[in-house]
Amino acid sequence: MSTKPTTTTPLLGAAFLMATSAVGPGFLTQTTVFTQQLLANFGFVILLSILLDLGAQLNIWRIIAITEKRAQDIANDLFFGLGYVLSALIVIGGLAFNIGNVAGAGLGIEVVTGLEVKIGAVLSAGIAVGLFLLPEAGKAMDAFARYLGLLMLGLIGYVVFSAQPPVGQALHRSLFPQTFDAIATITLVGGTVGGYITFAGGHRLLEAGVKGAAVLPQVNRSATTGILVTSVIRYCLFLAVLGVVAQGFLLSKDNPPASVFQLAAGAAGYRLFGVLMWSAAITSVVGSAYTSVSFLRTFHPALERNHRYLTIAFIVVSTLVFLAVGRPVQILVWVGTLNGFILPIALAVMLIAVRQSRLVGTYKHPLWLQVAGWLVVIVMSGMAFYTLLRQAS
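First residue of the sequence shown: 348, per this note's numbering; consecutive thereafter.
1) Give me whichever residues DSSP pairs with residue 600 in a beta bridge.
2) Report buried or exposed for residue 574, applying the criterion of at least 16 other Cβ atoms within 10 angstroms of its Cβ.
3) Can you check the stretch 430-509 for any alpha helix (DSSP H) of at least 4 residues that lies completely inside it and give the ranges in chain order?
4) Have a look at 709, 383, 360 and flag the residue whose alpha-carbon is nearest the alpha-carbon of residue 604.
5) With contact counted as at least three CB pairs below 8 angstroms, one residue from each stretch, are the stretch 361-377 and the stretch 619-637 in contact?
6) Return the chain-ordered list of same chain residues with a C-beta closer than 8 angstroms to the C-beta of residue 618, the five sequence neighbours on each side being excluded.
7) Tell me whether residue 569 is buried or exposed, calling it buried when 16 or more other Cβ atoms sit within 10 Å of its Cβ.
8) The alpha helix (DSSP H) with residue 385 in it runs from where to where?
9) Using the C-alpha atoms, what's the distance from residue 510 back to residue 675?
10) Going along the chain, which residues of its own chain have a beta-carbon closer than 8 angstroms to the beta-carbon of residue 609, five neighbours each way excluded?
11) For residue 416, does the count of other Cβ atoms within 10 angstroms reach 16, so buried, or fall short, so exposed?
12) By Cβ distance, which residues of its chain are closer than 7 angstroms to residue 721, with the 5 residues on each side in sequence left out?
13) Is the beta carbon of residue 636 sitting closer than 8 angstroms to the one on residue 484?
14) Drop a sphere of 10 angstroms on the beta-carbon of residue 612, count the other beta-carbons inside from all chains shown, and report buried for 16 or more, exposed for fewer.
15) State the CB to CB distance for the pair residue 555 and residue 413, rounded to an integer number of angstroms; the pair is presumed to be in contact (CB under 8 angstroms).
16) Can residue 691 and residue 593 be called in contact, C-beta distance under 8 angstroms?
17) Does the stretch 698-712 come within contact of the stretch 374-391, defined as at least 3 CB pairs closer than 8 angstroms?
18) Using the Cα positions of residue 393 and residue 655, report the straight-line distance between them to the nearest angstrom.
19) For residue 659, which option in 715, 650, 479 has the closest C-alpha, if you only look at C-alpha atoms?
20) Between which two residues does the alpha helix (DSSP H) containing residue 363 stretch?
21) Decide yes or no for the touch test of the stretch 636-653 against the stretch 544-551: beta carbon pairs closer than 8 angstroms, at least 3 of them.
22) With burial defined as no fewer than 16 other Cβ atoms inside 10 Å of the residue's Cβ, what is the status of residue 730: buried or exposed?
23) So, with DSSP's three-state summary, where would you put residue 424?
24) If I follow the unbroken alpha helix (DSSP H) through residue 528, where does it start and stop?
25) From this set, 599, 540, 552, which residue's C-alpha is nearest residue 576's C-alpha?
26) So, under 8 angstroms CB-CB, residue 449 and residue 468 are touching, yes? Tell me the CB distance rounded to an integer number of Å.
27) At the level of alpha carbons, what is the spacing between residue 734 and residue 537?
28) For residue 552, I'd like the list of residues in its chain whose CB is within less than 6 angstroms of its CB, leaving aside the five on either flank, ordered along the chain.
29) May I have the straight-line CA-CA distance separating residue 356 from residue 567, to the nearest angstrom?
30) Please name the residue in 708, 528, 732, 695 whose C-alpha comes closest to that of residue 402.
31) Please go through the same chain and pick out, in chain order, the residues whose beta-carbon is closer than 8 angstroms to the beta-carbon of residue 423, but skip the five residues on each side of it.
32) Going by DSSP in three states, residue 585 sits in which element: helix, strand or coil?
33) My output table needs one value for residue 415: the three-state DSSP class, helix, strand or coil.
34) Do you know offhand how far residue 465's Cα is from residue 648's?
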């Protein structure tokens with residue numbers, strides 16, 4: 348049954364859940380590494396990725412709302428078994444990302460308090476588990492993502508001010524780049540709306556009862572807000588890194604984003620990085636666990652009944668894997684690229700499903716959204732193929 352929310356809380360909660368799921372340790376590392384490589388030209392990659400992100404997210408969130416079903420159920424209704432394949436891809440990618448998220452949370456605590464990374468990771472995992480044990484875990488998760496998301500915006504804004512970046516040059520090259528990197532683009536899109544991330548807010552809205560044709564304008568606003576929050580954070584981080592690199596400083600290979608904060612604002616900046624890293628990581632732990640499990644819970648009544656404990660198990664497994672094998676910087680960049688490969692598959696499934704009257708009734712998906720969605724599928728598939736060829740050569 349279609350419902351119309353009487354408050355903006357679930358809409359903002361879904362937007363910030365998606366945004367903070369994207370802004371994790373991998374996001375910070377990818378943005379820093381690519382800015383160091385492409386300099387001001389990276390601004391163009393960010394702007395292009397925003398357009399691709401919007402094309403993907405608006406389609407997916409609207410289709411989830413109009414069908415009133417989670418993505419895996421839509422895929423299974425389209426072709427039985429497809430939902431299981433999609434869920435496997437999402438959960439594997441989500442688990443890989445979450446290992447890095449747990450590690451990033453531990454690193455943040457180490458920077459701020461001096462505690463060993465593994466101890467910080469365990470403490471952070473305990474906080475995430477405690478969140479899902481609360482009686483109204485959904486509302487608590489919304490507030491958690493919203494407040495920490497605003498904190499991250501403030502911290503990065505301070506470092507941008509301290510780094511004094513060449514804003515004019517950045518804006519010019521954002522529109523007129525001298526060079527372009529397909530791998531950077533597919534990694535950014537994959538790290539923003541690839542894998543589980545774009546489904547985080549869509550599934551959260553569905554669980555909050557925001558569904559049906561009547562709420563589509565609100566779904567549009569929520570989806571757009573999530574992308575804009577993520578994009579502002581990424582562009583500000585890009586400016587901060589550019590400001591540091593433009594002054595001739597060399598970034599640490601072991602922890603590039605930490606060195607940006609330290610070089611821009613000294614010892615205080617390094618402490619602020621710890622707060623930022625922890626905030627980014629812990630919200631991503633929550634978002635990854637929640638969304639990955641949302642792709643499993645509808646497959647059996649027992650999974651639905653025990654989804655909260657399944658979510659907790661997901662966090663515990665991620666933590667144990669990190670404690671056993673660690674998390675190199677290269678893995679965080681690679682997983683973003685992997686999620687970029689998953690996106691065209693998932694989006695194509697949704698776009699085919701929305702044209703099936705047995706799934707959407709009399710609803711007609713806007714032509715411009717269909718065109719935008721298929722353009723994202725084609726562009727991301729092409730860049731994924733190009734990336735494979737480039738990495739193989």
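We put the beta carbon where it would ideally sit given N, CA and C, even for glycine. Source: prediction; values computed, not measured.
According to the data block:
1) BP columns for residue 600 are empty, so no partner.
2) buried
3) 464-480
4) 383
5) yes
6) 458, 459
7) buried
8) 372-385
9) Unreliable positioning characterises residue 675 in this predicted model, as indicated by a pLDDT of 47, which lies under 50. A coordinate reading is not provided.
10) 616, 617, 620
11) buried
12) 698
13) no
14) buried
15) At roughly 16 angstroms, the Cβ-Cβ gap does not stay under 8 angstroms, so residue 555 and residue 413 are not in contact.
16) no
17) no
18) 36 angstroms
19) 479
20) 356-369
21) yes
22) buried
23) helix
24) Looking at the DSSP string, residue 528 is not in any alpha helix (DSSP H), and its letter there is neither H nor E.
25) 540
26) 5 angstroms
27) 13 angstroms
28) 361
29) 15 angstroms
30) 695
31) 429, 430, 431
32) helix
33) coil
34) 36 angstroms
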